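These notes concern the structure reproduced below.
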Amino acid sequence: MKLWDCFSTALRALLGNKLRSVLTMLGILIGVAAVISVLSLGSAQAAIVEESFATLGSNLIYVTPRELGMSGVGAQSTLTLKDAQAIAQSAPSVEDVSPMAQTYAQVVAGGESLSNTIIAGVAPQAEWVDNYAVAQGSFITDFDYRARSRVAVLGSEVAKTLFGEMDPTGQSLRIGGRQFQVSGVLESRGMGFGLEDMRVYIPLSTFYTTLATSQVGSRGNSVNIISVQVKSSDMLESAEQEITAILRDTHNIREGEDDDFRVLNVASVADQVTQVLGILQLALAGIAGISLLVGGIGIMNIMLVSVTERIREIGLRKAIGAKRRDIMIQFLIEAATLGLCGGALGIGLGWIIVIIMSNIATNLGFSFTATLSGDAIALAVGVAIFIGLVSGLYPAIRAARLDPIESLRHE
Amino acid sequence: MIELENITKVYKAGQTEVPALRGISCRIESGEMVSITGPSGSGKSTLMNIIGCLDKPTSGRYLLDGIEVSKLNDNQLAEIRNKKIGFVFQSFNLLSRTTALANVELPLIYSGASNRRQRALQVLESVGLGHRVNHRPSELAGGEQQRVAIARALVNNPSLILADEPTGNLDTKTSQEIMLIFKQLHEQGMTIVLITHEPDIAAYTQRTIKIRDGQIEGGV
Ligand SMILES: Nc1ncnc2c1ncn2[C@@H]1O[C@H](COP(=O)(O)OP(=O)(O)OP(=O)(O)O)[C@@H](O)[C@H]1O
Ligand SMILES: [Mg+2]
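These protein sequences, in sequence, are chains A and P. Heads up: the first sequence runs through residues 1 to 411, numbered per our numbering. Heads up: the second sequence runs through residues 412 to 631, numbered per our numbering.
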């Protein structure tokens, strides 16, 4: 029997029972669609994570109080401005340091008002250490800092809410009832970590004298978080050690006692996040794989039914000269075709899911480029055909072994 | 030419053994038209299946055109069924979802022949069904379905036609039409063996082999 005849025989059998064929494909279809979308979305997600962390700045270490609550907005923290200065002066691996203290205040400009806005007191170094890109005007300058100027730099969302399309620079606004002047507006950071766009930045020196006098404690001016830029990526570890040593010293922590601060390496946090997402993706892929398995079982089930239904047909085919091999190939091709069609449709469905998801993600502000790789397609089709063949093997062997006489006598 | 020597067939049904054939010896020459008759359960179909290479005897020798069939393997038997033998069944055994033409083409698919369509059309024409080639079995009358089955048996130019009660499901008039086709084929030189219960049908053949309890009763 020629291969083409095997195919057309199998196709005719499948087309003779269209609804059943389609339903049988469904398991594989859903499984492949799930695998495709998980893989595609997973790689896009990894890119987003990388991008998000990249916006934070390079070679960055965060120092926060041990108790996470203390790094919160308005909290009295165990970290002080002096700690930041000590790190800047004494840690050889450190390039620059940007301390930040935060509080809530009402912001009013023109007719608009924003209650409970985060006001961040920062030093001029924040511009490069924390990687703030200025869209209009300028960031807080050394002069502003030293002179405790009443200037404010607005996050993009704040600027939009308060001033609309108008250029806010030079405009005045009230923060916590005090008069400030807008010196600049930041570029949007997008959805990444979210809060930057909704903050108002003022000089840290001004912050302590005007808004957050409560954060001027006995140990010095408290800060909620210190961003530390390390000279190069291979010095991250030594920088961590230096910072820990310096802070234990300035905080008078004795041997054996726990740190009252945390040192977070952004790169390692990013690695951890990527790892967690990877595990999540694997789990999802596993679930998708189970769906493929169920699809395979569905194919086997229907092929067994099909063999039983067509016992007379098989007997007749054998009587007129079909060899075992011919019968076996016919059923194998039927099963493989179910797998292949399910797989192909599954790729289509998976791709549609990916497109819909990436549209949603783009609307939410992620730059999202999910791609369907040729590898993924080849893999999906291969797996689908393989599942079809494996599921079809047992039914096909059963069909091929049928005795022609008994089969012909079958009711 | 068919030569049977002391053929026996024993079916095992659980513990008990059912001897269906008990020492059948006979010859059927090429070009003969022979009928096999006998009461129900006498072993006619069993014998036919052995002659048709669908089944192997428990003991005895069977030569088909000089070839010892019991020595062939499954694939070789399939090839013999495909090339040398044409089967016609009482219940037609057509594939219900395909057209008359596709049904007739079926043996050609397994022999890998080319020009299949042309050959199938030609045979359908010869059994008087040239105008019905694209009908499905369900759209055909019983006699027409049996003609399709005969066309399918003929399509590979076999030397032997085996028919197990080919008129068993047909009325008298249609039976006669079918028998005329067999007679024509016989006149063209084909070997035909058919099983029947009816003396009217057996009367179309040159010779009748009577079987009772797995043995030949009369005839030679
Ligand atoms: N597969 C089988 N297993 C067990 N016994 C069988 C089998 N096939 C046939 N037999 C027995 O062998 C004997 C001969 O059967 P066979 O079908 O050859 O009879 P037959 O002459 O064709 O009968 P009928 O005229 O009813 O078609 C019967 O007793 C039958 O019960
Ligand atoms: Mg019988």
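C-beta: ideal position from N, C-alpha, C; glycine also. Predicted, not measured: the structure shown is a model, and the values here were computed from it.
Proximity annotation: ligand 2 has residues Lys-455(P), Ser-456(P), Asp-575(P), Glu-576(P), Ile-606(P) in chain order, each selected because its CB is closer than 7 angstroms to a heavy atom of the ligand. In chain order, Phe-498, Phe-500, Asn-504, Leu-505, Leu-506, Leu-517 make up the part of chain P whose C-beta sits under 9 angstroms from the C-beta of Leu-316(A). Chain order gives the chain P residues near Glu-313(A) as Leu-506, where near means a beta carbon separation below 7 angstroms. Distance check between Ile-352(A) and each of Cys-341(A), Gly-155(A), Thr-371(A), His-251(A) places Thr-371(A) closest, using alpha-carbon atoms only.
For Val-35(A), the CB stays at least 7 angstroms from every heavy atom of ligand 1. Note on geometry: alpha-carbon atoms of Thr-337(A) and Leu-519(P) lie some 24 angstroms from one another.
Proximity of chain P to Ala-319(A) at the Cβ level (cut-off 7 angstroms) is accounted for by Leu-465, Arg-492, Phe-498, in chain order. Val-604(P) has its Cβ no nearer than 7 angstroms to any heavy atom of ligand 1.
Ligand 1 has no heavy atom closer than 7 angstroms to the beta-carbon of Ser-446(P). Nearest neighbour of Leu-114(A) by Cα position, chosen from Ile-140(A), Ala-159(A), Val-73(A), Phe-368(A), turns out to be Ala-159(A). As the crow flies, the alpha-carbon of Asn-417(P) is around 54 angstroms from that of Ala-384(A). Within the same chain, Ser-98, Met-100, Tyr-132, Phe-139, Ile-140, Tyr-201, Ser-227 come within 8 angstroms of Ala-126(A) by CB-CB distance, once the 5 residues on both sides are set aside. Bridge pairing for Cys-464(P): absent [DSSP].
A Cβ-Cβ contact shorter than 8 angstroms links Leu-551(P) with Arg-543(P). Thr-308(A) and Ile-302(A) have their C-alpha atoms some 10 angstroms from each other. From the beta-carbon of Arg-398(A), no residue of chain P is found nearer than 7 angstroms; the closest lies around 16 angstroms away.
When DSSP states are grouped into helix, strand and coil, Tyr-208(A) belongs to the helix group. Residue environment for Glu-196(A): buried (at least 16 other C-beta atoms within 10 angstroms of its C-beta). Annotation: the continuous alpha helix (DSSP H) that includes Ser-522(P) extends over 511–522. Pairing Gln-617(P) with Val-445(P) gives a Cβ-Cβ distance under 8 angstroms.
In this structure, the CA atom of Phe-180(A) is about 37 angstroms from the CA atom of Ala-239(A). Residue Arg-262(A) holds the alpha-carbon nearest to the alpha-carbon of Leu-68(A) among Met-166(A), Gly-57(A), Arg-262(A).
DSSP, read as helix, strand or coil, puts Gly-184(A) in strand.
CA-to-CA, the gap between Glu-255(A) and Thr-244(A) works out to about 13 angstroms. In the DSSP assignment, Gln-136(A) is bridged to Val-185(A). Taking 8 angstroms as the Cβ-Cβ cut-off, the region 516–535 of chain P approaches chain A at Leu-517, Pro-518, Ile-520, Tyr-521, Ser-522, Gly-523, given in chain order. For Ile-622(P), the secondary structure class from DSSP, reduced to helix, strand or coil, is strand. Below the 8 angstroms Cβ cutoff, chain P contributes Asn-460, Leu-465, Asp-466 as neighbours of Ile-405(A), in chain order. At a beta-carbon threshold of 9 angstroms, the residues of chain A lying near Asn-486(P) are Lys-323, Arg-324, Arg-325, ordered along the chain. Three or more Cβ pairs drawn from the region 373–393 of chain A and the region 27–46 of chain A lie within less than 8 angstroms of each other, which places the two stretches in contact. The alpha-carbon of Gly-463(P) is positioned some 29 angstroms away from that of Asn-545(P). Remark: the shortest separation between the CB of Val-429(P) and any heavy atom of ligand 1 falls under 7 angstroms. Per DSSP, reduced to three states, the secondary structure at Val-63(A) is strand. Taking non-hydrogen atoms of ligand 1 into account, the C-beta of Tyr-422(P) is found less than 7 angstroms away from one of them. The DSSP assignment places complete alpha helix (DSSP H) segments of no fewer than 4 residues inside the region 337–401 of chain A at 374–401, in order along the chain.
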